[in-house]
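Peer 1:
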Amino acid sequence: MSADGDDGARMARDDVVAGLDAVIDRTLRDAELVHEHPAPGRWLVDLPGTHKLKTVCGLVVGEHALRVEAFVCRQPDENREQLWTHLLQRNARMYGVAWSVDRVGDVYLTGRLPHAAVTPEELDRVLGAVLSYADDSFNTLLEIGFGSSIRREWEWRVKRGESLRNLEAFAAFAQAGRGSGGTADAGSGRRDGGGGATPDGGV
Numbered sequence: 001m002s003a004d005g006d007d008g009a010r011m012a013r014d015d016v017v018a019g020l021d022a023v024i025d026r027t028l029r030d031a032e033l034v035h036e037h038p039a040p041g042r043w044l045v046d047l048p049g050t051h052k053l054k055t056v057c058g059l060v061v062g063e064h065a066l067r068v069e070a071f072v073c074r075q076p077d078e079n080r081e082q083l084w085t086h087l088l089q090r091n092a093r094m095y096g097v098a099w100s101v102d103r104v105g106d107v108y109l110t111g112r113l114p115h116a117a118v119t120p121e122e123l124d125r126v127l128g129a130v131l132s133y134a135d136d137s138f139n140t141l142l143e144i145g146f147g148s149s150i151r152r153e154w155e156w157r158v159k160r161g162e163s164l165r166n167l168e169a170f171a172a173f174a175q176a177g178r179g180s181g182g183t184a185d186a187g188s189g190r191r192d193g194g195g196g197a198t199p200d201g202g203v
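1 is the number of the first residue of the sequence shown in the UniProt record's numbering; add one for each residue after it.
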């Protein structure tokens, strides 16, 4: 291909990226979503939730499609096959995105939209789906993949009189396995000397 041909292809791609960026920018501003735009064709969007306080969704304009990707939680400590089965059983009923795992086992929501399908209405619908799937599934994923850590953290806090306020969502789960009751810190990812690891929910 000649230099003129290369320049023409590059300009055409730049025009596509600029056009899609304009759609994305307008959609995010209309929805009043916090976002970053680090480079042409690249966006990071904060989706505020209830169970998972924040899901960061990446949008990347590719050659033929807009890639959508959101980290949900790190690789499970236990019950990996049970967690994968749980996710796969839900994929057939999902819209716009599907559950996936990377090489180390971290859990994501991923999808692709053809350029022609990137409209404000469709983008809003897909972002809503990402938020709904991540937020609605978050506690269940932690219970399956980090149940032992959740219960250890609860017991450690109870023994030391630590606050359980941010663990209330898991009280019934912890109580089912222990007589004392409990919950877990869904997002801190910290390790305490006596209480074991709290699940890293990526919030």
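Don't be surprised by glycine CBs; every beta carbon is placed ideally from N, CA and C.
Could you check which residue in 168, 152, 144 and 68 has the C-alpha nearest to that of residue 97?
Peer 2: Of the listed residues, the one whose Cα sits closest to residue 97 is 68.
Peer 1: By DSSP's criteria, residue 43 is part of a beta bridge. Which residues make up the other side?
Peer 2: Among the bridge pairs identified by DSSP, residue 43 is matched with 59.
Peer 1: Anyone know if the C-beta pair for residue 76 and residue 145 falls short of 8 angstroms?
Peer 2: Yes.
Peer 1: Per DSSP, which residues does residue 76 bridge with? Please list them.
Peer 2: Bridge partners of residue 76: none, in fact.
Peer 1: If we ignore side chains and look at the alpha-carbon of each, how far apart do residue 88 and residue 107 end up?
Peer 2: 12 angstroms
Peer 1: Determine, using beta carbons only, whether residue 71 and residue 56 come nearer to each other than 8 angstroms.
Peer 2: Against a cut-off of 8 angstroms, the Cβ pair of residue 56 and residue 71 comes out as a contact.
Peer 1: Considering residue 101, what are the terminal residues of the beta strand (DSSP E) in which it resides?
Peer 2: 98-101
Peer 1: Going by DSSP in three states, residue 68 sits in which element: helix, strand or coil?
Peer 2: strand
Peer 1: Thinking just about the alpha-carbon of each residue, which of 156, 122, 135 and 133 is nearest to the one in residue 23?
Peer 2: The shortest CA-to-CA distance from residue 23 to any of 156, 122, 135 and 133 is the one to 122.
Peer 1: Kindly provide the ranges of any alpha helix (DSSP H) runs that are 4 or more residues long and lie completely inside the region 80-154, ordered along the chain.
Peer 2: Segments of the alpha helix (DSSP H) lying fully in the region 80-154: 80-91.
Peer 1: Looking only at its chain, what residues have a beta carbon closer than 8 angstroms to the beta carbon of residue 84, apart from the 5 residues adjacent to it on each side?
Peer 2: 101
Peer 1: Given residue 36, which residues of its chain have a CB within under 6 angstroms of its CB, disregarding the five upstream and five downstream residues?
Peer 2: 44
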